[in-house]
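Residue numbers (my numbering), protein chains in the order written: chain H, 1 to 259; chain Z, 1001 to 1259.
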DNA sequence: AGAATAGTGTCTATCAGACACTATGCA
DNA sequence: TGCATAGTGTCTGATAGACACTATTCT
């Protein structure tokens, strides 16, 4: 438990017995599964929810689209237990996007553990959900494994039934990621991770509309926005957003991390 | 992908290549982690949220309280990939409670994958959340591994700082389970899995109060209840609940599964 | 000037919080 | 009869939906 700051072991009465036990402990002879992390990386570009997909270069599912991901490093499992699963997700996120560390929201989504979900061997996959600001999205470059990387519109993916061309159970993972972000946008500040650092009311509304797939009444959205402003969730910032089609320029705001 | 009903493989162009690849595939030589499932099993008894804990009989954390759980059977990993992680959770739930199959709500909670969370070897734990009706809770008997099993009040667990006596990272898991059920009770019908099949308005309210740790205005709760009745979420059923302190007997209702 | 967008006034329906109230059935 | 509980009437404030409206700035 060296990674546990609470130091529970030191509270244990018969620590000596336990130490002796640990020394004698032999890793189970049970077969073990491989464990991977997969990433559902979303952004919103042009009012459209997009997901980062790679084209698989090798078997199985060669040439199919897939979510980026990789194996969790578990060290030798005894003296070196390797990296936290969450750290593996962070690592893969950086490797796939080459974006600066900590610039994206990342959270665990769900663990997909069906037998035979990978035809090669037993693989249990911990899926993560990442959100990339539209200002960062164009900077994303292909991962180190040189596979083709592409921002794909979720809408057109479904319209063209291209989800049938997603490798493994990645269609199911993507579906759950969409549900997660749709549900969570209503009661948590994840929308602020899908707009530029400084954003206008309309830009924030556009994110809500892209994610939920519905239109929002502009009047009511402005009211909710004002309330967040009054509650200190967001604050005004300098500058204006130029209006491409003529008209007043929109004020800019930013999310207030420390409420 | 034999467990995948969509038959994706048959859509694959170069299936023969893939079959050949699969035949030649050799399981990775990377070390692999053990994968376990742990269960946070809740019930509400006497207006109190309770969790099922076992007392550990062996090292490590011998004599400490812990969440019930066990290893996921992954077969030999190639020809036999073993059981789904979710099936493992169902199996453990039955083994620990001896309750009839399908009598409890069960959902995945979160995957705990920190290195060194188990001092013996690298263990990645998929935690599940289960809800047991108060009518079934007294029927729960100790698991096959003969460890002492007990319904422990979450409130008194925290009041007495007994959470420090929870093995591994089970305090963290329990905390997340409480947050999950507290958050989810507002927008999903999980409360109906914590009352008898036939329940009164006050009984349902008592579950909300036990889970959220606050009191609910009876008038407003009745109104929400009436709305659910009108929406067909619940329906009236026969019988009344006798009033222990004299007074009118409460009507009984039941959750309408097929809306 | 015309057009598209930013942002506001305001009416209405819905729902939560709060308080008072009636009805019931056992001691 | 007393009393704790089941269940209702109703006022008030907060919020969402809808529609009309003014203000701004580029072409």
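Virtual Cβ for every residue (Gly too), placed ideally from N, Cα, C.
Segment limits, alpha helix (DSSP H) that includes residue i
i                       : result
residue 216 of chain H  : Segment: none, residue 216 of chain H is in no alpha helix (DSSP H) and carries neither H nor E.
residue 178 of chain H  : 170-184
residue 1208 of chain Z : 1201-1212
For residue i, the nearest candidate out of the options (CA to CA)
i                       : options                           : result
residue 1198 of chain Z : Z/1235, Z/1170, Z/1114 and Z/1185 : Z/1235
residue 169 of chain H  : H/43, H/64 and H/46               : H/64
residue 55 of chain H   : H/141, H/239, H/115 and H/166     : H/166
residue 1081 of chain Z : H/100, H/119 and H/186            : H/119
residue 1039 of chain Z : Z/1134, Z/1130, Z/1229 and Z/1221 : Z/1130
residue 101 of chain H  : H/69, H/186 and H/90              : H/90
residue 1086 of chain Z : Z/1076, Z/1078, Z/1126 and Z/1115 : Z/1126
residue 108 of chain H  : Z/1112, Z/1107 and Z/1105         : Z/1112
residue 135 of chain H  : H/192, H/69, H/251 and H/221      : H/192
residue 47 of chain H   : H/75, H/205, H/223 and H/245      : H/205
residue 103 of chain H  : H/137, H/128, H/226 and H/154     : H/137
residue 1155 of chain Z : Z/1031, Z/1044, Z/1247 and Z/1032 : Z/1044
residue 36 of chain H   : H/52, H/128 and H/62              : H/128
residue 1188 of chain Z : Z/1147, Z/1228 and Z/1071         : Z/1228
residue 1116 of chain Z : H/123, H/74, H/122 and H/152      : H/74
residue 1243 of chain Z : Z/1160, Z/1157 and Z/1200         : Z/1200
residue 1071 of chain Z : Z/1083, Z/1078 and Z/1209         : Z/1083
residue 1153 of chain Z : Z/1124, Z/1211 and Z/1078         : Z/1211
residue 1150 of chain Z : Z/1096, Z/1209, Z/1061 and Z/1254 : Z/1096
residue 1141 of chain Z : Z/1094, Z/1190 and Z/1171         : Z/1094
residue 1222 of chain Z : Z/1077, Z/1251 and Z/1060         : Z/1251
residue 78 of chain H   : Z/1060, Z/1177 and Z/1121         : Z/1121
residue 114 of chain H  : Z/1220, Z/1088, Z/1110 and Z/1062 : Z/1088
residue 1098 of chain Z : Z/1237, Z/1180, Z/1139 and Z/1213 : Z/1139
residue 196 of chain H  : H/69, H/241 and H/245             : H/241
residue 69 of chain H   : H/92, H/248, H/224 and H/226      : H/92
residue 61 of chain H   : H/215, H/157 and H/164            : H/164
residue 263 of chain H  : H/225, H/59 and H/182             : Residue 263 of chain H is absent from the structure shown; chain H starts at 1 and stops at 259.
Identified DSSP bridge partners for residue i
i                       : result
residue 1251 of chain Z : Z/1240
residue 1070 of chain Z : Z/1037
residue 235 of chain H  : H/254
residue 1260 of chain Z : Lying outside 1001 to 1259, the shown extent of chain Z, residue 1260 of chain Z is not represented and no answer is given.
residue 1150 of chain Z : Z/1053
residue 1042 of chain Z : Z/1051 and Z/1131
Start-to-end residues for the beta strand (DSSP E) that takes in residue i
i                       : result
residue 93 of chain H   : Not the beta strand (DSSP E): residue 93 of chain H falls in the alpha helix (DSSP H), residues 85-97.
residue 156 of chain H  : Note, residue 156 of chain H: premise wrong, no beta strand (DSSP E); alpha helix (DSSP H) at 154-159.
residue 1111 of chain Z : 1105-1112
residue 1128 of chain Z : 1123-1131
residue 55 of chain H   : 48-55
Whole-Å CB distance - residue i paired with residue j, under 8 Å assumed
i                       : j                       : result
residue 41 of chain H   : residue 52 of chain H   : 4 Å
residue 1133 of chain Z : residue 1194 of chain Z : 7 Å
residue 123 of chain H  : residue 31 of chain H   : About 13 Å; that fails the 8 Å criterion.
residue 173 of chain H  : residue 105 of chain H  : Contact flag wrong, Cβ pair sits at about 17 Å.
residue 1256 of chain Z : residue 1239 of chain Z : Going by Cβ atoms, the distance from residue 1256 of chain Z to residue 1239 of chain Z rounds to 17 Å, so no, they are not a contact pair.
residue 57 of chain H   : residue 202 of chain H  : The Cβ separation is near 40 Å, so there is no contact.
residue 1185 of chain Z : residue 1208 of chain Z : 6 Å
Taking a Cβ distance cut-off of 9 Å, strictly less, list which residues of the segment 1054-1086 of chain Z are near chain H, in chain order. 1058, 1059, 1060, 1061, 1062, 1063, 1064, 1071, 1072, 1073, 1074, 1075, 1076, 1077, 1078, 1080, 1081, 1082, 1083, 1084, 1085 and 1086
Report the residues of the segment 111-122 of chain H with a CB closer than 9 Å to any CB of chain Z, ordered along the chain. 111, 112, 113, 114, 115, 116, 117, 118, 119, 120, 121 and 122
Which of the residues in the segment 138-165 of chain H, read from start to end, lie with their CB under 9 Å from any CB of chain Z? 164 and 165
Just by C-beta distance, which residues in the segment 1203-1222 of chain Z are closer than 8 Å to chain H? none
What residues in the segment 230-256 of chain H have a beta carbon less than 9 Å from any beta carbon of chain Z? none
Closer than 8 Å between beta carbons: that is the criterion. Which residues of the segment 1031-1049 of chain Z meet it against chain H? 1031, 1032, 1033, 1034 and 1035
Counting only Cβ-Cβ distances shorter than 7 Å, please list the residues of the segment 178-196 of chain H near chain Z, keeping chain order. none
Residues in the segment 1123-1137 of chain Z with C-beta within 8 Å of chain H's C-beta atoms, listed in sequence order? 1124 and 1126
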